[in-house]
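> So for the sequence shown, my numbering puts the first residue at 183; every next one is plus one.
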Amino acid sequence: MNVLLMRKTLDTPLPAPSWPQDIHLTTLTPDTSHQVHDLIALSYQNGGGSVAPCTEWWSSLTTDFEFDATLCFLAWDPQGLVGVAQCWTSAFIKDLAVHPRRRKQGIGQALLLHTFSTFQKRGAKSVDLKVEATNAAAIALYTKVGMVKSAIF
Numbered sequence: 183m184n185v186l187l188m189r190k191t192l193d194t195p196l197p198a199p200s201w202p203q204d205i206h207l208t209t210l211t212p213d214t215s216h217q218v219h220d221l222i223a224l225s226y227q228n229g230g231g232s233v234a235p236c237t238e239w240w241s242s243l244t245t246d247f248e249f250d251a252t253l254c255f256l257a258w259d260p261q262g263l264v265g266v267a268q269c270w271t272s273a274f275i276k277d278l279a280v281h282p283r284r285r286k287q288g289i290g291q292a293l294l295l296h297t298f299s300t301f302q303k304r305g306a307k308s309v310d311l312k313v314e315a316t317n318a319a320a321i322a323l324y325t326k327v328g329m330v331k332s333a334i335f
C-alpha cells in the first residue's frame, strides 16, 4: 500500500483554529493515556494502520526520544475525548484521530491548525505527516489546511 508524506510549510501567517463551542483543549497526561489509546485504536479500525495494546503503546510512546507530552493535543467535549493530535518534537504528526460522533465538525482542522501554530512558535519551518494514499477523506482535510504531497512510499 502506498503512503504519502504530506507537508505544511510554516513560512506565512496561519489562520487561528476555529473550535466548536463545546470543545476544550488539554495535553496528554498519564491519567488520560487510556482514553487517547482507545481513540487512536478506534480511528484505525476503519482507516488502516494499527496500534499496540495500551501498556505497550504507552511504554513505547513515552520512551521515544521525540516524545513530549505537551505536543499531544487533546480535544474534549462534555461526553469525553473527541480528538487527538499526537506529535513528535521533529514537527511530525504521528497520529491524528477524531471520534466518529464528532467528525466533519471542524475538530480535525482545528487540531491541525493548532499544531501548525505550536510548531511555528517553536521555530519549525514545516510540519509533516504520513497518510495512506487510499485515505481520501484524510487527504482532503490535509489539503484543505494547506498541506501538499511531498513524497510517496
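Every residue, glycine too, gets a C-beta built ideally from N, C-alpha and C.
For PHE249 and SER272, I'd like the C-alpha separation in whole angstroms.
9 Å
> Under 8 Å: do the stretch 209–229 and the stretch 239–255 share three or more Cβ pairs, one atom per stretch?
yes
> List, from N- to C-terminal side, the beta strand (DSSP E) runs of 3 residues or more that fit wholly inside the stretch 248–316.
254–259, 262–270, 274–280 and 308–314
> Select from ALA223, ILE205, ALA319 and LYS312 the residue whose C-alpha is nearest the C-alpha of ALA135.
No statement about residue 135 is possible, as the shown extent of the chain runs from 183 to 335 and does not include it.
> Thinking C-alpha only, which one of LYS331, ILE289, PRO197 and GLN261 is nearest GLU314?
LYS331
> Looking at the ligand NAD, does it come within less than 7 Å of ILE222, judged from the CB to the closest heavy atom?
The ligand NAD is not part of this structure, which contains no ligands at all.
> Leaving aside the five residues before and after GLY265 along the sequence, list all residues of the same chain whose C-beta is less than 6 Å from its C-beta, in chain order.
ALA257, VAL280, ILE289 and LEU293
> Taking ALA325 as the reference, which of VAL185, ASN184 and ARG189 has the closest Cα?
Looking at the sequence shown, residue 325 is not Ala but Thr. Nearest option by C-alpha distance: ARG189.
> Run the CB neighbour count on ALA198, radius 10 Å, all protein chains shown included, and call it buried at 16 or more, exposed below.
exposed
> Just tell me which of CYS269, GLY231, GLY305 and SER232 has its CA closest to the CA of PHE247.
CYS269
> What are the boundary residues of the beta strand (DSSP E) that includes THR208?
Per DSSP, the unbroken beta strand (DSSP E) holding THR208 starts and ends at 206–209.
> With a threshold of 7 Å on Cβ separation, who are the neighbours of PHE298 within its own chain once the five nearest residues in sequence on each side are excluded?
In the same chain as PHE298, and ignoring 5 residues on each side of it, the C-beta atoms closer than 7 Å to its own belong to LYS190, LEU192, LEU196 and VAL309, in chain order.
> Under 7 Å Cβ to Cβ from LEU243, same chain only, skipping five residues before and after it: list those, please.
Closer than 7 Å at the Cβ level, and outside the excluded window around LEU243, lie PHE249.
> Just to confirm before moving on: does the CB-CB distance between VAL218 and LEU263 stay below 8 Å?
yes
> At which residues does the beta strand (DSSP E) containing THR194 begin and terminate?
No beta strand (DSSP E) holds THR194; DSSP gives it neither H nor E.
> Given PRO240, which residues of its chain have a CB within under 6 Å of its CB, disregarding the five upstream and five downstream residues?
A small fix is needed here, since residue 240 is Trp in this sequence, not Pro. SER215, listed in sequence order.
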